[in-house]
Amino acid sequence: MTPIIPALAEIAPRYDVLFCDLWGCLHNGVAVFPAAVTALQDFRKAGGTVILVTNSPRPSRSVAAQLEGLGAPADCYDDIASSGDAAQAAMAAGLYGRKVYHIGPQRDLPFFSDADGTPYEIERVPLEEAEGIICTGLFDDRTETPTDYRLTIATGVNRGLKLLCANPDVIVDVGETRIYCAGAIAEAYAKAGGTSHYYGKPHAPIYQLARQRAEAVRGEEIRDAHILCIGDGINTDIRGAVGEGLDALFVTGGLAANETNTTDQPEQAKLDDFLKASSLSATAAIGFLR
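If you're matching positions, the sequence shown starts at 830 in this note's numbering and goes up one per residue.
As structure tokens, then:
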């Protein structure tokens, strides 16, 4: 049975570092959750370090700007590790060729530049000329679904192009609207016989990056037992934490709200059934980060 806690403060003293998800935990894509902000601020005031670990395809500088626009104060976190950060290095190294086809919206173009805004030596070209595919999302995630990309996927697979997925999330909730993410395209690409590579949660590169940034903030090596991962994605946040051997706080009021019957807190039996069906476990659960 997974314990349901009333607040982060219930278990916070056990940890020095939080790897905290953004979408569904700190904000809903429209505005930040005040209670979540306060919980993270209180953790930092007690001497803890908060690294925001997100599957956003944008580099961390762009994520920080987005957070500011959503109303997140700078004192609720220490640093950010994004899927975009982890994936950029692979792209810049030419692992997907120097000519790539980009699947994603215009707002993700900062992915193709370094921290100073200098473009990488990567050329975005039509699919027919590409040496690889970079997927940061759907062109229009408010109206499109993965089925709209069947021809693109078939062409890429037939040409033997590798696909870099800069955001392994399959879906997220923007306010009350559920939309598809790059992970949905990458999943469809792999099912069609193509090769998809992932750099965000639940895969190791983003956790390595988050640990490096936490250790840079604290100036010391951090033991696994002193890290708590917080997230609402069962197949990203929780699966990633389990894979890394880290404790996890499952926020059930996000993507799994219906499955766990979460209003304020999850229903214990449904929570346990959901985790069992996923073949995963969590250190604790909470309806919403607070």
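Beta carbons: idealized from backbone N, C-alpha and C, even for Gly. From a predicted model like this one, the values you see are computed outputs, not experimental measurements.
In angstroms with no decimal places, state the Cα-to-Cα distance between residue i and residue j.
{"i": "residue 907", "j": "residue 855", "result": "14 Å"}
{"i": "residue 954", "j": "residue 1010", "result": "22 Å"}
{"i": "residue 1121", "j": "residue 844", "result": "For residue 1121 there is no data in the structure shown, the boundaries of the chain being 830 and 1119."}
{"i": "residue 1050", "j": "residue 1044", "result": "6 Å"}
{"i": "residue 898", "j": "residue 996", "result": "21 Å"}
{"i": "residue 831", "j": "residue 876", "result": "27 Å"}
{"i": "residue 1019", "j": "residue 1075", "result": "28 Å"}
{"i": "residue 1192", "j": "residue 903", "result": "This structure cannot settle anything about residue 1192, because the visible part of the chain is limited to 830 through 1119."}
{"i": "residue 1055", "j": "residue 980", "result": "47 Å"}
{"i": "residue 864", "j": "residue 913", "result": "27 Å"}
{"i": "residue 1090", "j": "residue 1106", "result": "15 Å"}
{"i": "residue 1100", "j": "residue 972", "result": "32 Å"}
{"i": "residue 1039", "j": "residue 978", "result": "32 Å"}
{"i": "residue 1067", "j": "residue 900", "result": "26 Å"}
{"i": "residue 869", "j": "residue 862", "result": "11 Å"}
{"i": "residue 1012", "j": "residue 867", "result": "31 Å"}
{"i": "residue 1058", "j": "residue 886", "result": "20 Å"}
{"i": "residue 1041", "j": "residue 974", "result": "35 Å"}
{"i": "residue 1082", "j": "residue 1092", "result": "7 Å"}
Return helix, strand or coil for residue i, following the three-state DSSP convention.
{"i": "residue 880", "result": "strand"}
{"i": "residue 1012", "result": "helix"}
{"i": "residue 836", "result": "coil"}
{"i": "residue 1006", "result": "strand"}
{"i": "residue 1035", "result": "helix"}
{"i": "residue 1088", "result": "coil"}
{"i": "residue 944", "result": "coil"}
{"i": "residue 984", "result": "helix"}
{"i": "residue 854", "result": "coil"}
{"i": "residue 959", "result": "coil"}
{"i": "residue 910", "result": "strand"}
{"i": "residue 1044", "result": "helix"}
{"i": "residue 1105", "result": "helix"}
{"i": "residue 874", "result": "helix"}
{"i": "residue 1001", "result": "strand"}
{"i": "residue 951", "result": "coil"}
{"i": "residue 977", "result": "helix"}
{"i": "residue 889", "result": "helix"}
{"i": "residue 1059", "result": "strand"}
{"i": "residue 1080", "result": "strand"}
{"i": "residue 1115", "result": "strand"}
{"i": "residue 866", "result": "helix"}
{"i": "residue 1030", "result": "coil"}
{"i": "residue 1071", "result": "helix"}
{"i": "residue 1024", "result": "strand"}
Could you tell me if residue i is buried or exposed, where buried requires 16 or more neighbouring beta carbons within 10 angstroms of its beta carbon?
{"i": "residue 891", "result": "buried"}
{"i": "residue 920", "result": "buried"}
{"i": "residue 910", "result": "buried"}
{"i": "residue 859", "result": "exposed"}
{"i": "residue 1003", "result": "exposed"}
{"i": "residue 1084", "result": "buried"}
{"i": "residue 924", "result": "exposed"}
{"i": "residue 936", "result": "exposed"}
{"i": "residue 1087", "result": "exposed"}
{"i": "residue 948", "result": "exposed"}
{"i": "residue 1052", "result": "exposed"}
{"i": "residue 970", "result": "buried"}
{"i": "residue 1102", "result": "exposed"}
{"i": "residue 1065", "result": "buried"}
{"i": "residue 922", "result": "exposed"}
With hydrogens ignored, establish whether the beta-carbon of residue i is closer than 7 Å to any heavy atom of the ligand MG.
{"i": "residue 937", "result": "Only the bare structure without any ligand can be found here, which leaves the ligand MG out of the picture."}
Does the beta-carbon distance from residue i to residue j come in below 8 Å?
{"i": "residue 1063", "j": "residue 1109", "result": "yes"}
{"i": "residue 915", "j": "residue 1028", "result": "yes"}
{"i": "residue 1077", "j": "residue 1024", "result": "no"}
{"i": "residue 837", "j": "residue 1047", "result": "no"}
{"i": "residue 1072", "j": "residue 1031", "result": "yes"}
{"i": "residue 939", "j": "residue 888", "result": "yes"}
{"i": "residue 926", "j": "residue 965", "result": "no"}
{"i": "residue 918", "j": "residue 872", "result": "no"}
{"i": "residue 944", "j": "residue 982", "result": "no"}
{"i": "residue 851", "j": "residue 883", "result": "yes"}
{"i": "residue 833", "j": "residue 1097", "result": "yes"}
{"i": "residue 956", "j": "residue 984", "result": "yes"}
{"i": "residue 961", "j": "residue 991", "result": "yes"}
Since I believe residue j is in contact with residue i (beta carbons under 8 Å), could you give me their beta-carbon distance rounded to a whole number of angstroms?
{"i": "residue 929", "j": "residue 951", "result": "6 Å"}
{"i": "residue 1094", "j": "residue 1060", "result": "Contact flag wrong, Cβ pair sits at about 17 Å."}
{"i": "residue 963", "j": "residue 993", "result": "5 Å"}
{"i": "residue 881", "j": "residue 849", "result": "6 Å"}
{"i": "residue 853", "j": "residue 1080", "result": "6 Å"}
Are the C-beta atoms of residue i and some chain D residue less than 8 Å apart?
{"i": "residue 995", "result": "Checking the listed chains, one finds no chain D in this structure; it contains a single protein chain."}
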